[in-house]
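Visitor: Residue numbers (full-length UniProt numbering): 189 to 576.
For each residue, glycine too, the CB sits at the ideal point set by N, CA and C.
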Ligand code: SF4
């Protein structure tokens, strides 16, 4: 709503259309690569007057190729990669007992909110990039060489449910990895203006190697997806006796995973920045003891993102969550650990999670953006030169 646009502290509600830049890149003969986030495939049908359609992602891949995209990859692949790296980062922090609770960092709305409001927790944020930026980095650094194209000639278009992702792509720490971010609404505009009826476009698979994903990776599109994926990776290394989840209140869920030797790892999944404040304040005053926190700025996670079709209310978001569940359910791979193209990326380039090269390519930094209050500024008298 207009009020949200005016007051949004995260920049997530900045409306900007980037289709012109994509058209320009096409005219210039750039090597256009697309990549699509999980939540887009749960909502695009609303804009196009289609019934829900579990293979809509494949239709979009075919459409994009028909208008000149050279490759189309799945951001869910990068979600597997991010979960894998982030789970190892969490395990290391648990072992060392430092920088806990670990906060997820793939929501740029939340990251900017933390930079403004909770700089004291910036060291607790996972340093792993978001799936959008991780895949951008991989494509420009490794894939460009594989296909013999100068990274400067690649124009990488990210299709997102999120307006804050436009800001993320322009962060100084991440600039140059992704060239344009278009939202679900902009994608539907592109489809309509191209004269295609998406219903009649046969689905084709995403390109390899970054087109394969697990159920976990696809789940990044809704609340709980990142935490669930990290837990799935941990389950392959730590044996849990029992995992229990309870809803503390709407938008806040607590999970306790008990290991064979009785150790309890607890995680909070929260959506909405009001809820996030409550959670952080409880952590600060010691009422809540937790090891890992997943934060998504939008209600129900990315399916409720600022770039999604209107209306974007609870009823619609619930429906999108159901559709995404169906899409997730038909994926044959369950855990990021089963994504063999993701694992071979480590074999070929990244060596192992948290290696020097993984840090260089997949990790990032944050900055303190806290506003200084007038009353916190001390005005000192000008120095007076003493008479000699
Ligand atoms: Fe963007 Fe998803 Fe975060 Fe919303 S929850 S700001 S859509 S990344």
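If residue 221 and residue 258 are in contact, beta carbons under 8 angstroms, what's the gap, nearest whole angstrom?
Guide: The sequence position of residue 221 within the chain shown is 33, counting from 1. The sequence position of residue 258 within the chain shown is 70, counting from 1. 6 angstroms between Cβ atoms; contact.
Visitor: Drop a sphere of 10 angstroms on the beta-carbon of residue 243, count the other beta-carbons inside from all chains shown, and report buried for 16 or more, exposed for fewer.
Guide: To locate residue 243, count along the chain shown from 1; it is residue 55. Flag for residue 243 reads exposed.
Visitor: Which partner residues does residue 291 have in the DSSP bridge list?
Guide: The residue labelled residue 291 in the question sits at position 103 within the chain shown. Residue 291 is bridged to 313 and 481.
Visitor: Based on the DSSP secondary-structure assignment, which residues constitute the bridge partners of residue 371?
Guide: On the chain shown, residue 371 is found 183 positions in, with the first residue counted as 1. In the DSSP output, where bridge partners are listed per residue, residue 371 has 348.
Visitor: Report yes or no: do the stretch 333-351 and the stretch 273-292 share at least 3 C-beta pairs separated by less than 8 angstroms?
Guide: Touching, no, given that fewer than three Cβ pairs across the two stretches are closer than 8 angstroms.
Visitor: Any chance the stretch 327-343 sits against the stretch 299-308, with 3 or more Cβ pairs inside 8 angstroms?
Guide: Output reads no: the stretch 299-308 does not touch the stretch 327-343.
Visitor: Taking 7 angstroms as the cut-off, is the CB of residue 657 close to at least one heavy atom of the ligand SF4?
Guide: In the structure as shown, the chain begins at 189 and stops at 576. Residue 657 is therefore absent and cannot be evaluated.
Visitor: Which value, in whole angstroms, describes the spacing of the CA atoms of residue 205 and residue 373?
Guide: Counting from one through the chain shown, the residue named residue 205 turns up at place 17. Counting from one through the chain shown, the residue named residue 373 turns up at place 185. Residue 205 and residue 373: Cα-Cα distance of roughly 9 angstroms.
Visitor: Tell me the residue span of the alpha helix (DSSP H) that contains residue 268.
Guide: Mapped onto the chain shown, residue 268 falls at position 80. Run containing residue 268: 263-284, per the alpha helix (DSSP H) assignment.
Visitor: Would you list, in sequence order, the uninterrupted beta strand (DSSP E) runs of no fewer than 3 residues that lie entirely inside the stretch 432-472?
Guide: Within the stretch 432-472, the complete beta strand (DSSP E) runs of at least 3 residues are 440-447 and 452-459.
Visitor: Between which two residues does the alpha helix (DSSP H) harbouring residue 211 extend?
Guide: Against the chain shown, residue 211 aligns to sequence position 23. It spans 207-215 - the alpha helix (DSSP H) in which residue 211 sits, taken as one unbroken run.
Visitor: How is residue 420 classed by DSSP in three states: helix, strand or coil?
Guide: As a working note, residue 420 is residue 232 in the chain shown. Three-state result, residue 420: helix.
Visitor: Can you list, in chain order, the residues of its chain whose CB lies under 6 angstroms from that of residue 446, leaving out five sequence neighbours each side?
Guide: Start at 1 with the first residue of the chain shown, and residue 446 comes out as number 258. The residues are 429, 430 and 452.
Visitor: Can the beta-carbon of residue 317 be found closer than 8 angstroms to that of residue 362?
Guide: Counting from 1 along the chain shown, the entry for residue 317 is found at position 129. Counting from 1 along the chain shown, the entry for residue 362 is found at position 174. Taking 8 angstroms as the Cβ cut-off, residue 317 and residue 362 qualify as a contacting pair.
Visitor: Does residue 508 pass the burial test, meaning 16 or more other C-beta atoms within 10 Å, or should it be called exposed?
Guide: Here residue 508 refers to the residue found at position 320 when the chain shown is read from its first residue. Burial call: buried.
Visitor: Under the DSSP definition of a beta bridge, which residues are partnered with residue 224?
Guide: Counting from 1 along the chain shown, the entry for residue 224 is found at position 36. DSSP output for residue 224 lists 262 and 347 as bridge partner(s).
Visitor: Looking at the secondary structure, which residues open and close the alpha helix (DSSP H) in which residue 539 lies?
Guide: Numbered from its first residue, the chain shown carries residue 539 at position 351. It is not in any alpha helix (DSSP H) - residue 539 carries neither H nor E in the DSSP assignment.
Visitor: Between residue 195 and the rest of its own chain, which residues show a CB-CB distance below 8 angstroms, the 5 nearest in sequence each way excluded?
Guide: As a working mapping, residue 195 is identified with position 7 in the chain shown. With a pLDDT of 41 at residue 195, under the threshold of 50, the modelled position of this residue cannot be trusted; read the value that follows with caution. Same-chain partners within the cutoff: there are none.
Visitor: Are residue 448 and residue 427 close, meaning C-beta to C-beta below 8 angstroms?
Guide: Walking along the chain shown from the start, residue 448 turns up at place 260. Walking along the chain shown from the start, residue 427 turns up at place 239. Against a cut-off of 8 angstroms, the Cβ pair of residue 427 and residue 448 comes out as a contact.
Visitor: Measuring straight from C-alpha to C-alpha, what distance separates residue 193 and residue 225?
Guide: For the purposes of this step, residue 193 is identified with residue 5 of the chain shown, where counting begins at 1. For the purposes of this step, residue 225 is identified with residue 37 of the chain shown, where counting begins at 1. Low local confidence applies: a pLDDT of 44 at residue 193 is under 50, so the model's placement there is unreliable, with the coordinate-based value given in what follows. So the alpha carbons of these two residues sit roughly 23 angstroms apart.
Visitor: Rank 280, 489 and 299 by C-alpha distance to the C-alpha of residue 406 and give the top, closest one.
Guide: Counting from one through the chain shown, the residue named residue 406 turns up at place 218. Nearest C-alpha to residue 406: 489.
Visitor: Is residue 214 close to the ligand SF4? I mean its beta-carbon at under 7 angstroms from any heavy atom of the ligand.
Guide: In the chain shown, the residue the question calls residue 214 occupies position 26. For the ligand SF4, not one heavy atom lies less than 7 angstroms from the Cβ of residue 214.
Visitor: Work out the CA separation of residue 365 and residue 358 for me, nearest whole Å.
Guide: What you label residue 358 is simply residue 170 of the chain shown in a count that begins at 1. What you label residue 365 is simply residue 177 of the chain shown in a count that begins at 1. Using only the alpha carbons, I get a separation of about 9 angstroms.
Visitor: What is the DSSP secondary structure of residue 198, counted as helix, strand or coil?
Guide: Along the chain shown, one-based indexing puts residue 198 at 10. Annotation note: pLDDT 49 at residue 198 (below 50); position unreliable, no value reported.
Visitor: Which residue's Cα is closest to the Cα of residue 425: 375, 240 and 275?
Guide: Position 237 of the chain shown holds residue 425. Ranking the options by Cα distance to residue 425, first place goes to 275.
Visitor: When you compare the stretch 463-478 with the stretch 389-409, are there three or more beta-carbon pairs, one atom per stretch, that lie closer than 8 angstroms?
Guide: Short answer: they don't touch.
Visitor: Alpha carbon to alpha carbon, how far is residue 481 from residue 311? Give it in angstroms, no decimals.
Guide: Position 123 of the chain shown, counted from the first residue, corresponds to residue 311. Position 293 of the chain shown, counted from the first residue, corresponds to residue 481. Between residue 311 and residue 481, the C-alpha separation is close to 13 angstroms.
Visitor: Run through DSSP, which three-state label would residue 341 get?
Guide: As a position in the chain shown, residue 341 is number 153, starting the count at 1. If DSSP states are grouped into helix, strand and coil, residue 341 belongs with the helices.
Visitor: Can you grab the Cα-Cα spacing for the pair residue 584 / residue 228, in whole Å?
Guide: Any answer about residue 584 is impossible in this case: the structure gives the chain only from 189 up to 576.
Visitor: Pull up the distance between the alpha-carbon of residue 191 and that of residue 500, whole angstroms please.
Guide: Walking along the chain shown from the start, residue 191 turns up at place 3. Walking along the chain shown from the start, residue 500 turns up at place 312. Residue confidence is low: residue 191 scores 38 on pLDDT, short of 50, so the model does not pin down where it sits. Its coordinate-derived value is still stated next. Cα to Cα, residue 191 sits roughly 15 angstroms from residue 500.
Visitor: Cβ-heavy atom distance between residue 222 and the ligand SF4 below 7 angstroms?
Guide: What you label residue 222 is simply residue 34 of the chain shown in a count that begins at 1. Residue 222: no, Cβ never under 7 angstroms from the ligand SF4.
Visitor: Can you grab the Cα-Cα spacing for the pair residue 422 / residue 525, in whole Å?
Guide: Taking the first residue of the chain shown as position 1, residue 422 is located at position 234. Taking the first residue of the chain shown as position 1, residue 525 is located at position 337. Those two C-alpha atoms are separated by around 10 angstroms.
Visitor: Let's test the definition: count the other Cβ atoms within 10 Å of the Cβ of residue 568 and tell me whether it reaches 16, buried, or not, exposed.
Guide: Position 380 of the chain shown holds residue 568. Burial call: exposed.
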